[in-house]
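**Q** Below: one structure in structure tokens.
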Amino acid sequence: APVFAGKLTANGLDANGEKVTNVGAGTAATDAVNKGQLDALSTSSNNKTDALGNSTANNLGGGSSYDSTTGAVSSPTYTVNGNNVNNVGDAI
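Written as structure tokens, this is what we have:
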């Protein structure tokens, strides 16, 4: 049988640096969450951020692009009255 060398008190769990495994998915606001739940949230958040970045770049046009590594949307380039400008404000 496994030996537990940590301690559980009213202040929390001291597992002596060991992992707590087989933790069920939290469902209530006061429940703990497990790594699987955090990974799913991270993936969902990254997907939504990437979709927003790509949508922003596509709607700006002018060669704008989104870099998913840095989260940056590059400046577009518009030609207005023969001059190149790099933002919507200067273009209108």
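Residue numbers for the sequence shown, in this note's numbering: 21 to 112. All residues carry an ideal CB built from backbone N, CA and C; glycine is no exception.
To which residues of the same chain is residue 53 closer than 6 angstroms at the C-beta, ignoring the five residues directly before and after it?
**A** Answer for residue 53: 46, listed in chain order.
**Q** Based on DSSP bridge pairs, tell me the residues matched to residue 104.
**A** In DSSP, residue 104 forms a bridge with 99.
**Q** Counting only the same chain and skipping the five closest in sequence on each side, list residues whose C-beta sits under 6 angstroms from that of residue 77.
**A** Once the five neighbours on either side are set aside, the close Cβ partners of residue 77 are 84, 85, 86 and 93.
**Q** In the DSSP assignment, the beta strand (DSSP E) including residue 32 goes from what residue to what residue?
**A** Segment 32-34, the beta strand (DSSP E) holding residue 32.
**Q** Rounded to the nearest angstrom, what separates residue 22 and residue 34 at their Cα positions?
**A** Spanning the two alpha carbons is a distance of roughly 16 angstroms.
**Q** Measuring CA to CA, which of 66, 56 and 74 is closest to residue 41?
**A** The residue with the shortest Cα to Cα distance from residue 41 is 56.
**Q** Quick one: residues in its chain with C-beta nearer than 6 angstroms to the C-beta of residue 43, no 5 flanking neighbours on either side, listed in chain order?
**A** Around residue 43: 54.
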